[in-house]
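Down below is the structure, laid out as structure tokens.
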Amino acid sequence: MVVTEQTEQTEQAGSPAMPGAPRSERFFRGDIQGMRALAVMSVLLYHAGVPLLPGGLVGVDVFFVISGFLIGGHLLAELRSTGGIRLGEFYARRARRILPAAIVTIVGTVVAAFLFLPPLRLPEIVGDATASAASVPNLRFAVLETDYLQGTAPSPFQQFWSLGVEEQFYLVIPLLLIVVATSVRCVRALPAVIGALSAASLVAFLWDPASVWTFFAPWTRAWELGAGVLAAVAVRHVERVPAAVARIAGCAGLALVLGSFAVVGGALPHPGAATLIPVAGAVLLVLSGGHSAGGPVSRLLGLRPLLALGAWSYALYLVHWPILAITAEALQTAGVFLPGENLPPLLTLALAAASIPVAYALHRLVERPALTHLRTRQWGSRRTIATALATVVALSVPLVVAGPAVAQLLSTSDRPAPHVQLGSAPSGTTYVPSNVTPALAAARDDAGELYSNGCQQNKTSADLITCEFGPPEAATTVALFGDSHAGRWFPALRAATEGSDVRIVSVTKSGCRSIEAAELWDSPENPSCASWRADAVEWLHEHSPEVIVLADHLGPATDDERDEQHWRGATRASIQRLPESSRVLVLAETPGQASSPPICLSAHTDDALACATDRDVAVAAGIIAGEEAGARDAGAAFADPTELLCDAELCPAIIGDTLMYADEHHLTATGSALLGPWLRGELARVLEPAE
């Protein structure tokens, strides 16, 4: 997403880029600057929430093609003219172009987060900042299973994911070209190799579009950059095409790109096959713009306002997102807006507009001066690369060390609280106790035994995992079946059966419910769920446990009447697929929280009730009514813990000295264990002999 090689070498239109190269490579391409301007504005307006641009994020895909075209074209031209690639010089140019503005943005974002966001956000943000400085934010987000298109508290560094993909491309592509050219001793063989690798990347991209790795991984995005490289090969021959055909191609390319902003991601899923639309459009644009005949599209993209915006599109891409994300979260933390609530459209547009002068200042004061001063002879390739690496290390080390320490220091009051047992209408603690358990910073990791010992299947694998706990020859077997909510109920079930002749078997997988009702969700269920659920039901039939406990996250709630009707039928049908000899206990949807309690509490250590959620918001009444009715219809038992977690008005995050929630809807293992005595009574009722 950077202002790439050709722009760096040709600040003035018409300046030669490389003597002896074809026209399409020799001259500044104003149309490409215009493409950058369109791409960055589409991303900016998408992030500002403009409803007419559901596909604005595909501006990133346009940037990928541009980068592949310019960088690939430059490297291929150097190979043809010199027989090699000066790696040190290439990497130094990339560092000069990318790092100065990126480092300033990273530092500014961390400072803003420290000033305006809850302290507990700092460790995560510092981790994102460090990954961004090291050019691997996309890999970090994939490992953390970040959903770029959703998320209630997105990272202010989330925009760096595409820069990570590009920087990893810059690392590999010159080495690949050298290896292939040396091996086959023919530069002409390079397009075939690049084409084959791009095709393999495209297959990987289309194989599982819903996977977070498909979105973030460099190997699934390489085909887009590869398309740009192939366009750089083809543009040398574009003059053979009639001018009229080139003009038509330009019009078609612009229509595809602009059309993708309106439909891809909305009517057409993205990532997916629809991503081919903006990529194809961008390829047509860079090819048609290389024709000497020009055309209306090239003239349109070369208009002065688009040239100006394209020149500092990199800076605008860097700064717009942290301005939007940090402002939104800060206002939600301050109580101006509800957590997760969208800001008013006029406000987001104003923030997007405010990012434009900030980006211009970054371009004028940092980006351009850095290019000017760091291109001098005194700053050779080795010195530039060494300075870049030293800067990244110098930035990363203090961030990694200081972030968690600051968060821990600021995240409690100085008053302890007594330990209490759960009862009806619990009274939430009004402050964050100094002895809160788990500590706010440890809440995410307080998931329980299933997670720590590998018994909770992850979101992507379809393999069935079952784990046994308790006496192997116990008189009673209880199977826990469901998604991550079932996994969070395990500590309660363990406490409920402690000291009794009961064996527990876990049959759980994150992101996949025991209740089969994928059609009730607005977004498709994970592709691995159907296979996993079928295997789980088959296992339950083979082993026929005395009791099957179902626990799932069925939210978010929509309309109470609709939710009740849908989940009643889904719950009934799912129970009827279970073995008839087993008794079934359905645990109700756990009351949720409007925002992540640990993060919210870290900003309200002396007013914990500011982070409590109104009962009518926390309790998904329609879903719970549907679960209960469906369970009764199928002859199953039903148990609802709401009265233990909420009073008449609020559902507090802290009860006594116990932090009940790890995030918006998952219990902590410590909080779950407090529900053990209640769950023991519910299991006893299920096991009572029928009269």
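This note's numbering applies: residue 383 is where the sequence shown begins, and numbers increase by one. We put the beta carbon where it would ideally sit given N, CA and C, even for glycine. The model shown is predicted, which means the values in this text are computed figures rather than measured ones.
Leaving out five residues before and five after residue i in sequence, what residues of the same chain have Cβ atoms less than 6 angstroms from its Cβ?
{"i": "Val518", "result": "Gly546"}
{"i": "Ala1011", "result": "Arg950"}
{"i": "Arg895", "result": "Asp865 and Asp934"}
{"i": "Pro927", "result": "Thr859, Ala861 and Ser964"}
{"i": "Gly830", "result": "Phe872, Pro873 and Ala1051"}
Helix, strand or coil for residue i, going by three-state DSSP, please let me know.
{"i": "Asn719", "result": "A small correction: the amino acid at residue 719 is Phe; Asn does not occupy that position in the sequence shown. In the structure shown, Phe719 sits in coil (DSSP, three-state: anything other than H, G, I, E or B)."}
{"i": "Arg885", "result": "strand"}
{"i": "Leu531", "result": "Note that Leu531 scores a pLDDT of 47, beneath 50, so its modelled location is shaky; the value from the coordinates is reported in the next line. Here Leu531 sits in coil by DSSP."}
{"i": "Tyr813", "result": "coil"}
{"i": "Gln947", "result": "helix"}
{"i": "Cys1074", "result": "Coverage of the chain is limited to positions 383 through 1073, which leaves residue 1074 absent and any answer about it impossible."}
{"i": "Ile1037", "result": "strand"}
{"i": "Val575", "result": "helix"}
{"i": "Arg411", "result": "coil"}
{"i": "Arg468", "result": "coil"}
{"i": "Ala818", "result": "Checking the sequence shown, residue 818 turns out to be Val, not Ala. Coil, per DSSP."}
{"i": "Gly805", "result": "coil"}
{"i": "Arg895", "result": "coil"}
{"i": "Asp996", "result": "strand"}
{"i": "Thr940", "result": "coil"}
{"i": "Thr602", "result": "helix"}
{"i": "Ala582", "result": "helix"}
{"i": "Ala1055", "result": "helix"}
{"i": "Trp761", "result": "Only weak support exists for where Trp761 lies, its pLDDT of 48 falling under 50; the value from the coordinates is given anyway. In the structure shown, Trp761 sits in coil (DSSP, three-state: anything other than H, G, I, E or B)."}
{"i": "Thr890", "result": "strand"}
{"i": "Phe539", "result": "coil"}
{"i": "Leu983", "result": "helix"}
{"i": "Arg965", "result": "strand"}
{"i": "Ala1021", "result": "strand"}
{"i": "Val617", "result": "helix"}
According to the neighbour-count rule (16 or more other Cβ atoms, all chains shown, within 10 Å of its Cβ), is residue i buried or exposed?
{"i": "Val1001", "result": "buried"}
{"i": "Leu1061", "result": "buried"}
{"i": "Pro815", "result": "buried"}
{"i": "His619", "result": "exposed"}
{"i": "Gln541", "result": "buried"}
{"i": "Arg570", "result": "exposed"}
{"i": "Trp589", "result": "exposed"}
{"i": "Pro726", "result": "exposed"}
{"i": "Glu1070", "result": "exposed"}
{"i": "His801", "result": "exposed"}
{"i": "Asn908", "result": "buried"}
{"i": "Asn724", "result": "exposed"}
{"i": "Glu920", "result": "exposed"}
{"i": "Val508", "result": "buried"}
{"i": "Glu962", "result": "exposed"}
{"i": "Ser406", "result": "Residue confidence for Ser406 is low, a pLDDT of 46 falling below 50, so the modelled location carries little weight; the figure read from the coordinates is stated next. Burial call: buried."}
{"i": "Ala535", "result": "buried"}
{"i": "Val884", "result": "buried"}
{"i": "Glu549", "result": "buried"}
{"i": "Pro433", "result": "exposed"}
{"i": "Gly881", "result": "exposed"}
{"i": "Gln714", "result": "buried"}
{"i": "Glu898", "result": "buried"}
{"i": "Pro798", "result": "exposed"}
Keeping to the same chain, check which residues put their C-beta closer than 8 angstroms to that of residue i; ignore five residues upstream and five downstream.
{"i": "Leu967", "result": "Val929, Ile930, Val931, Leu932, Ala1018, Ala1019, Phe1020, Ala1021, Glu1064, Leu1065 and Val1068"}
{"i": "Leu1029", "result": "A quick correction: the sequence has Asp, not Leu, at residue 1029. Ala807, Pro808, Ser809, Gly810 and Arg997, listed in sequence order."}
{"i": "Gln760", "result": "Its pLDDT being 48, under 50, Gln760 is placed unreliably by the model, and the measurement read from it follows with that caveat. Excluding residues within five positions, none has a Cβ falling inside 8 angstroms."}
{"i": "Leu744", "result": "Ala483, Val486, Thr487, Trp694, Ala697, Leu700 and Val701"}
Might you give, ordered along the chain, the residues of its own chain that have their beta carbon closer than 7 angstroms to the beta carbon of residue i, omitting 5 neighbours on each side?
{"i": "Trp703", "result": "His429, Pro538, Gln540 and Gln541"}
{"i": "Pro573", "result": "Leu612 and Val615"}
{"i": "Glu1046", "result": "Thr534, Gly974, Gln975, Ser977 and Ser978"}
{"i": "Asp828", "result": "Pro820, Ala1044, Thr1050, Ala1051 and Thr1052"}
{"i": "Ala419", "result": "Leu688, Leu691, Gly692 and Ser695"}
Comparing the C-beta of residue i with each C-beta of chain C, is any distance below 8 angstroms?
{"i": "Leu669", "result": "No chain C appears in this structure, which consists of one protein chain only."}
Discussion item. Between the segment 1053-1063 and the segment 868-888, can you find at least three pairs of beta-carbon atoms closer than 8 angstroms?
Written reply: Counting Cβ pairs under 8 angstroms, three or more are found: they touch.
Worksheet item: Does the segment 847-863 touch the segment 1028-1040, meaning 3 or more C-beta pairs lie closer than 8 angstroms?
Response: Output reads no: the segment 847-863 does not touch the segment 1028-1040.
Discussion item. If we require 4 or more residues per run, which alpha helix (DSSP H) segments fall completely within the segment 435-466?
Written reply: Listed in chain order, they are 441-464.
Discussion item. Pairs of beta-carbons, one from the segment 879-893 and one from the segment 829-839, closer than 8 angstroms: are there three or more?
Written reply: With three or more CB-CB distances shorter than 8 angstroms, the segment 879-893 counts as touching the segment 829-839.
Worksheet item: Does the count of Cβ pairs from the segment 604-614 and the segment 574-593 closer than 8 angstroms reach three?
Response: Flag = yes, the segment 604-614 and the segment 574-593 touch.
Worksheet entry | Within the segment 651-713, ranges of the alpha helix (DSSP H) (whole runs, at least 4 residues) | Entirely contained in the segment 651-713, the alpha helix (DSSP H) runs reaching 4 residues are, in chain order, 658-670, 678-683 and 686-693.
Item to complete: Counting only runs of 4+ residues fully inside the segment 828-880, write out the alpha helix (DSSP H) ranges in chain order.
Response: With a minimum length of 4 residues, the continuous alpha helix (DSSP H) runs that stay inside the segment 828-880 are 831-834 and 866-879.
Worksheet item: Do the segment 675-692 and the segment 452-466 make contact, defined as three or more Cβ pairs closer than 8 angstroms?
Response: In this structure the segment 675-692 does not lie against the segment 452-466, because fewer than three pairs of beta carbons, one per stretch, are closer than 8 angstroms.
Discussion item. When you compare the segment 435-446 with the segment 707-722, are there three or more beta-carbon pairs, one atom per stretch, that lie closer than 8 angstroms?
Written reply: They do not touch, by the three-pair rule.
Practice prompt. Check whether the segment 497-515 touches the segment 473-480, taking contact to mean three or more Cβ pairs, one atom from each stretch, closer than 8 angstroms.
Written response: Counting Cβ pairs under 8 angstroms, fewer than three are found: no touch.
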